[in-house]
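Okay, structure first, notes after.
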Amino acid sequence: MKKWLTKWRLFYLFALMTLVLAGCGEPFLSTLRPAGEVADMQYDIIMLSTIMMVVVIAVVTVIFIYVVVRFRRRKNEENKIPEQVEGNHKLEIIWTVIPILLLLVLAVPVVSSTFQLADVDIMDDENRKPEEALVVNVRANLYWWEFEYPDHKIVTSQDLVVPTDEKVYFNLISSDVKHSFWIPAIGGKMDTNTDNVNKLWLEFDSERADDAGEYFYGKCADLCGPSHALMDFKVKALPREEFDQWVGEMTSYEQIAEGDLAKQGEQLFEEKGCIGCHAVSPLDERPEQARTAPNLATFGERSRIAGIMPHNEENIRAWLEDPESYKPGNKMTNTYPELNDQELDALTEYLKGLKIED
């Protein structure tokens with residue numbers, strides 16, 4: 001008896017925790033706050049299927065309660081057998097047709113949306129102009145993201161910049177294990193594989209982008225290793241004019257270390273072999289196989305360090321000192337040299353200055 005009571009206590013405890021935790025999180029990480037055309041379609045299907053399930057459960061519950069009350073065993077009627085409906089053709093037709101109709105109601109918008117979301121033919125059009133359809137090559141790595149704009153020869157990491165109110169097309173691939181590309185408020189959630197390229201398009205609504213704040217948040221949605229939960233990226237959605245301005249600034253980017261400490265850091269960056277993995281220019285012409293670490297161009301302007309830590313001098317230094325403690329299993333740990341305090345200060349100063357010059 002005590003064991004039984006203990007189990008039920010645990011059940012109630014976990015039920016209460018589930019209810020409380022359901023209210024945790026942020027709006028920009030919720031699929032229930034859509035901010036784009038794809039997210040709207042997915043949200044509508046979620047709501048439609050949820051309403052259908054609730055209605056079915058409610059109807060079945062009412063029938064169940066009616067049967068329990070109406071046909072309960074009564075005194076002096078222990079041997080009475082209710083009227084049997086087995087073989088009733090009318091009832092069998094009803095409970096066969098109703099599920100079929102429900103499936104059709106759900107199948108029509110699902111199939112329609114599937115074909116609409118799969119329309120990425122413009123990506124393969126050789127006559128396509130960059131202003132007609134922006135294509136971004138997304139490459140997932142343990143545990144960071146790379147974004148390549150092939151029409152503009154720009155490569156960035158961790159921060160994805162896109163125009164609003166137009167379709168943006170993505171080629172998705174992984175350089176190591178299976179990951180999954182997902183921007184909860186925008187849609188997507190598609191696997192990135194090592195042996196094939198998946199394609200999708202997304203649209204970022206300008207009005208709802210303003211409501212989301214400075215960034216949308218993207219995540220890896222497929223368990224990929226010990227730091228899977230830390231594999232985040234940021235999405236900055238800009239009006240087309242501002243996006244074009246950003247492209248112009250990136251293509252004319254010129255990194256200049258200012259100050260003696262920053263110049264010392266730049267020298268250390270080369271001497272310690274950091275430059276062998278990390279590029280510091282967005283115009284990275286190396287093949288993707290050679291891009292084994294995040295591109296650090298405009299690192300000084302990012303909102304997060306390693307995608308997860310608030311961007312400030314203290315966290316930059318902490319990451320340089322011991323990256324393994326912040327992202328276990330990252331590839332930087334095994335190849336990273338030991339640095340003394342002076343070297344840490346110099347590299348921190350250098351990285352802070354990696355930004356677009358006005």
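First residue of the sequence shown? That's 1 in the working numbering, and the numbers climb one at a time after it. Ideal Cβ placement from N, Cα and C applies to all residues, glycine included. Remember, predicted model here, so these are calculated numbers, not experimental data.
For residue i, the nearest candidate out of the options (CA to CA)
i	options	result
E241	V161, W182, L172	V161
L106	V59, M53, P130	M53
S325	S227, Q84, S303	S227
P287	P150, D222, M332, F216	P150
R291	P328, F64, L19, F147	F147
S175	I51, N141, D191	N141
E360	T50, F216, L344, P282	This structure gives no information on residue 360, because the portion of the chain shown stretches from 1 to 358.
S303	D121, I256, K355	K355
V155	P163, E166, R139, N76	R139
A346	I275, G276, V59, A257	A257
E301	Q158, F71, V67	Q158
E83	F71, N76, I65	F71
I163	V85, F243, E86	One point to set straight first is that residue 163 is Pro, not Ile, in the sequence displayed. Here the closest residue by C-alpha is F243.
Y217	W145, A15, F14	W145
V60	E338, P99, S252	P99
S49	L103, C274, G225, C224	L103
L238	D165, D341, N196, S252	D165
N196	N340, N137, R9	N137
Residue span of the beta strand (DSSP E) that contains residue i, given as start and end
i	result
K272	Per DSSP, K272 belongs to no beta strand (DSSP E) and is neither H nor E.
F181	179-183
S113	S113 -> not in any beta strand (DSSP E); alpha helix (DSSP H) instead, spanning 89-117.
A237	232-238
S157	154-157
E148	144-149
S174	167-174
T194	Counting along the chain, T194 falls outside any beta strand (DSSP E), and DSSP gives it neither H nor E.
K352	Where K352 is concerned, there is no enclosing beta strand (DSSP E), although the alpha helix (DSSP H) it sits in stretches over 341-352.
K129	It is not in any beta strand (DSSP E) - K129 carries neither H nor E in the DSSP assignment.
F216	216-220
Buried or exposed (CB count within 10 angstroms, at least 16 for buried), residue i
i	result
Q289	exposed
D260	exposed
Q245	exposed
K80	exposed
V280	buried
H179	buried
T192	buried
A118	exposed
E213	Here residue 213 turns out to be Gly, not Glu, going by the sequence shown. G213 should be labelled exposed.
D284	buried
F11	exposed
G87	exposed
A58	exposed
A15	exposed
V247	buried
G273	exposed
M17	exposed
G276	exposed
K219	buried
Contacting residues, own chain, Cβ-Cβ under 6 Å from residue i (five flanking each side not counted)
i	result
M41	S113
L134	V168
T31	P184
H278	A293, L296
F299	L351, L354
Same chain, Cβ closer than 8 Å to residue i, neighbours up to 5 away in sequence not counted
i	result
T96	none
P323	A306, N330, M332, T333, Y336
W123	The sequence as given places Met at residue 123; Trp does not occur at that position. Same-chain partners within the cutoff: A133, V135, Y169, N171, K199.
P130	D151, H152
W201	V38, L117, D119, V120, K167, V168, Y169, F170
K189	S180, F181, W182, A221
A318	M309, Y326
G225	L142, Y143, V177, G329
Neighbourhood of residue i by C-beta, 7 Å cutoff - its chain only, sequence neighbours within 5 removed
i	result
I45	P109, V110, S113
P34	D40, Y43, A185
K327	Y143, S227, L230, A306
E343	L268
D222	K178, H179, S180, D191
Y215	K234, V235, K236, S303
L91	V85
K263	A257
Range of the contiguous alpha helix (DSSP H) that encloses residue i
i	result
A318	313-321
F64	37-70
R208	206-212
Contact with chain B by residue i, beta-carbon distance below 8 Å
i	result
A107	The structure shown contains no chain B; it is built from a single protein chain.
So, do the region 288-307 and the region 184-196 have three or more beta carbon pairs nearer to each other than 8 Å? The region 288-307 is not in contact with the region 184-196.
Quick check: the region 312-326 against the region 232-239, are there 3 or more CB pairs under 8 Å? With the cut-off at 8 Å, the region 312-326 and the region 232-239 do not touch.
Is the region 261-274 touching the region 347-356 in the sense that three or more CB pairs, one from each, lie closer than 8 Å? With the cut-off at 8 Å, the region 347-356 and the region 261-274 touch.
With a threshold of 8 Å, are at least 3 pairs of Cβ atoms found where one atom belongs to the region 205-219 and the other to the region 170-177? Touching, no, given that fewer than three Cβ pairs across the two stretches are closer than 8 Å.
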